[in-house]
Amino acid sequence: LADGSLVRTLEGHDGEINSACVSPEGLHVVTASDDKTARIWLLADGSLVRTLEGHDGEINSACVSPEGLHVVTASDDKTARIW
Numbered sequence: 018l019a020d021g022s023l024v025r026t027l028e029g030h031d032g033e034i035n036s037a038c039v040s041p042e043g044l045h046v047v048t049a050s051d052d053k054t055a056r057i058w059l060l061a062d063g064s065l066v067r068t069l070e071g072h073d074g075e076i077n078s079a080c081v082s083p084e085g086l087h088v089v090t091a092s093d094d095k096t097a098r099i100w
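One rule links them: number in this note's numbering = place in the sequence shown (from 1) + 17.
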């Protein structure tokens, strides 16, 4: 944030990324994609922690619960899922 320079790029989704959310403790980033997956990444080094699969449609958004224990995803398949 200090100078606006790029810190790292997260790559791995096969579709457009629709949202990105940082966990409350600042350790993880969760991304939601048209490839029907959400992914959890380590903010410190950009490594992939986990891929959340199960939606039948594109995932439009993902967020982390305030206590940092769950991820909620919302999809074009007309469902929201808690992971």
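From the three backbone atoms N, C-alpha and C, an ideal C-beta is built for every residue, glycine too.
For residue 54, the uninterrupted beta strand (DSSP E) segment begins and ends at 54 to 59.
Taking C-beta atoms as the reference points, residue 57 and residue 88 count as a pair closer than 8 Å. In this structure, the straight-line span from the alpha carbon of residue 59 to that of residue 26 is close to 12 Å.
Rounded to whole angstroms, the gap between the alpha carbons of residue 77 and residue 83 is 20 Å. For residue 65, the enclosing beta strand (DSSP E) begins and ends at 65 to 70. Under the 10 Å beta carbon count, residue 61 is surrounded by fewer than 16 other beta carbons and is classified as exposed. By the neighbour-count criterion, in which 16 or more other beta carbons inside 10 Å mark a residue as buried, residue 22 falls on the exposed side. In the displayed model, residue 96 falls within coil according to three-state DSSP, outside both helix and strand.
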